[in-house]
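Its first residue numbered 146, the sequence shown is counted upward by one per residue in my numbering.
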Amino acid sequence: MYSKEVERILLKVQKPGRYVGGELNSVIKDKKDIDVRFAFCFPDVYEVGMSHLGMKILYSQFNTVPYIWCERVFAPWIDMEELMIERNIPLYGLESGDPITDFDFIGFTLQYELSYTNVLNMLKLAKIPIKSKDRPELKNIVVAGGPCACNPEPLAEFIDIFFIGEGEEVDLEVIELYRKFRAENKSKKEFLIAASQIQGVYVPALYNVEYNNDGTIKSFTPEEGAPAKITKRLMMNLDEVFYPDNFVVPTIEIIHDRAVEEIFRGCIRGCRFCQAGFLYRPVREKSVATIDKQCRELCKNTGYDEVSLSSLSSSDYSRVVELLTQLNKWSNEEKVSISLPSLRVDGFTDDIMSKIKTVRKSGLTFAPEAGSQRLRNVINKNVFEDELLQTCDTAFGGGWSKVKLYFMIGLPTETLDDVAEIAALGQKVVDTYYRNPNKQKGRAVSVTVSASSFVPKPFTPFQWEPQDTIPQLHEKQQHLKKSITTKKITYNYHEADTSFLEAVFARGDRKLCKVMEIACQNGFHFDGWDDCFSLDAWMKLFEQCGIDTAFYANRRRSFDELLPWDHIDYGVTKEFLISECKKAYEAATTPNCRQKCSNCGVGKWKGGICVEKRQSMV
Ligand code: SF4
């Protein structure tokens, strides 16, 4: 329960519902029964964090353990933050209202690089020293996980423990170790040394980094017996892995306000720009029966009338039609709509369309990613123009008239002709609508072309590639704008400035910790929000710290270079990534995991799709 001080400021801020807790299914425990308190911090506002599936899973899982109390903490928006500072109110947990300093663990999920300043700012608002070395006691252990933990180095001086891979088991093992060491009056250092022996745990303070004269990394040396390679944790049997049977139901509108059922992890595809596609290998599916049971429970316990079947590419679920048929048996009667996000162009069949028809026809979203076939081959998208047009035709005939198409600009080997082909593809989709005899009578087509800027990411075949400079990206954005000649196409593009900062941090090293520290002192936060982001302010800061941003964002790295994340092992070998990068230069594609195993390295876990019988074609 929030304090009297918080109550006094609630009516002065936008959306006070962000700060009060008390929602349906939020967990309140009696502190006298609690041995470990975990503050699960999402470094963005409530509406974003409450939509995040990983947080829902871990919050529920921790709270099923009788002696752990996990609470939610979100970044207060700037109006609330100003008042909290003015009234000397420290950051607090939403369930108890207690300050974060009362918690044993302070855990952050790192979903995007632009949230890094919020991580440090939340520690500052909690009045907790931001640097690990300034927190010598065995309390307030700061941990972090999520996709950005794959290159932990820009946050190495601030986080005590990074969780590499999937957190369900490893988090609890670390909490158990903490209880044991605290009971034995051991020091934080002793705890961290012991924790570093657990698979999936990375303790950055136990590694010493040396640099070459050109700024690249010379060596990465573990100390105190820490492993030279930190191998990710993963859960092999998703039917047995913990999944919540209810979610906290928010009282204010959030980004994704519906029940979410995870249907599989990983992705069979191997798009060469996609970090998630490599980090979460191999594909592991839940059974139809498990999904059906979990969907029913979620709807019953939350009251939601929509379930989203979540994964990186939902139409790639191997028994998608059987699943939808099973769910339709009760969902139609109970007026629950089933949504299938992340559809692939080649996955939207008549059969699937008829089974998700109950979902309002708000628009379909596909991601061809590149306009030309050559460039789609470079990125291994394995999507063809006639498939896209056929899919759109099917959707238009089925009553849809809105299509959103996502593209990336700045992809390796891209030319201005490739960019112009994005506009040409959009035009072909418009023409397909007007040729369709079964389109909605009297309704105009709406095609949105959305273009983001390519950011090279660790653990992808493009991890060595330079990002286009901001002027190059601007030129391509304008070229695309000029190439679109019809009002039926709406063109959106993301600012290149934020993608540039994302690129600096995504492939950064420990030298960036200094920049992060000063950014925190100077009040940087919410870099993912236009209201707060200033490229000029960041560039001044980099200059002040003697950091050449082009070194991180715009430099082509050699295959021989020791990369800042080379001590982390997600299973996919560097040799495989190099071979995929070379194939990209030749616009040669690689079959998906269901067609043929390409021996990426993940097969060493002997599970999931790596051991399943392959189909001849998908
Ligand atoms: S080992 Fe083969 S099947 Fe398994 S993830 Fe890698 S490429 Fe796919």
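All C-beta atoms in this analysis are idealised placements derived from N, C-alpha and C, irrespective of residue type, glycine included.
Note that this is a predicted model, so its numbers are computed, not measured.
Would you list the residues sitting across from residue i in a DSSP beta bridge?
i       : result
Phe-365 : Val-354
Leu-169 : Val-394
Arg-429 : Arg-410
Tyr-347 : Phe-307
Thr-643 : None; Thr-643 has no bridge partner.
Thr-560 : Partner(s): none; Thr-560 has no beta bridge.
Thr-635 : Thr-593
Phe-552 : Glu-514 and Ala-596
Asp-714 : Thr-376
Lys-547 : Ser-591
Val-405 : Ser-453
Arg-237 : The question names Arg, but residue 237 is Tyr in the sequence shown. Bridge partners of Tyr-237: Pro-244.
Just confirm the distance between the C-beta atoms of residue i and residue j, as a whole number of angstroms; I'd bet it's less than 8 Å.
i       : j       : result
Glu-311 : Arg-417 : In fact, because the Cβ distance is near 23 Å, the residues do not count as touching under 8 Å.
Phe-552 : Val-594 : 7 Å
Ile-413 : Ser-455 : Their Cβ separation, rounded to whole angstroms, is 16 Å, which puts Ile-413 and Ser-455 out of contact at 8 Å.
Val-394 : Gly-345 : About 31 Å separates the two Cβ atoms, so there is no contact after all.
Leu-509 : Val-465 : Leu-509 to Val-465, Cβ: 16 Å. No contact.
Gly-91  : Phe-219 : Lying before the first or after the last residue shown, residue 91 is absent from the chain, which here runs from 146 to 763.
Leu-337 : Asp-305 : 6 Å
Ser-260 : Pro-188 : 4 Å
Glu-216 : Ser-196 : About 18 Å; that fails the 8 Å criterion.
Leu-457 : Ala-421 : 6 Å
Does residue i come out as helix, strand or coil in the three-state DSSP assignment?
i       : result
Ser-476 : helix
Ile-754 : helix
Ile-629 : coil
Gly-252 : strand
Val-767 : Residue 767 is absent from the model: the chain starts at 146 and stops at 763.
Val-504 : Here Val-504 scores only 48 on pLDDT, less than 50, and its place in the model should not be relied on; the value that follows carries that caveat. Coil at Val-504, not helix or strand.
Arg-217 : strand
Ile-723 : helix
Leu-708 : coil
Arg-700 : coil
Asp-384 : coil
Pro-161 : helix
Leu-509 : strand
Ile-245 : helix
Phe-483 : Strictly speaking, residue 483 in this sequence is Ile, with Phe absent from that position. Note: Ile-483 maps to strand in three-state DSSP.
Asp-816 : In the structure as shown, the chain begins at 146 and stops at 763. Residue 816 is therefore absent and cannot be evaluated.
Pro-616 : helix
Val-763 : Interpretation of Val-763 is limited by its pLDDT of 42, a score under 50 that renders its predicted location unreliable; the figure taken from the coordinates is listed afterwards. In this structure, Val-763 counts as coil in the three-state DSSP scheme.
Gln-342 : coil
Tyr-458 : Correcting the residue type first, residue 458 is Ser in the shown sequence and not Tyr. Three-state DSSP puts Ser-458 in coil, outside helix and strand.
Trp-609 : coil
Phe-769 : Residue 769 is absent from the model: the chain starts at 146 and stops at 763.
Tyr-730 : helix
Val-315 : helix
Thr-735 : coil
Glu-530 : helix
Phe-678 : coil
Val-210 : coil
Ile-154 : helix
Phe-336 : helix
Ile-400 : coil
Asp-224 : helix
Could you check if residue i is buried or exposed, using at least 16 other CB atoms within 10 Å of its CB as the buried criterion?
i       : result
Lys-713 : Strictly speaking, residue 713 in this sequence is Ile, with Lys absent from that position. Result: buried.
Ile-154 : buried
Ser-148 : exposed
Ala-515 : buried
Lys-749 : exposed
Lys-584 : buried
Gly-746 : buried
Phe-303 : buried
Leu-169 : exposed
Thr-577 : buried
Glu-355 : exposed
Thr-560 : exposed
Val-756 : exposed
Pro-281 : exposed
Val-504 : Confidence at Val-504 is low in this model, with a pLDDT of 48, below 50, so the placement of that residue should be treated as unreliable; the coordinate-derived value is given next. By the neighbour-count rule (16 or more Cβ atoms within 10 Å), Val-504 is not buried but exposed.
Arg-580 : exposed
Lys-758 : exposed
Pro-582 : exposed
So within the region 169-208, which uninterrupted beta strand (DSSP E) runs reach at least 3 residues, ignoring any that extend past its ends? For the region 169-208, the full-length beta strand (DSSP E) segments reaching 3 residues or more read 181-187 along the chain.
Fully enclosed by the region 254-300, which alpha helix (DSSP H) runs are 4 residues long or longer? Here the runs fully enclosed are 261-270.
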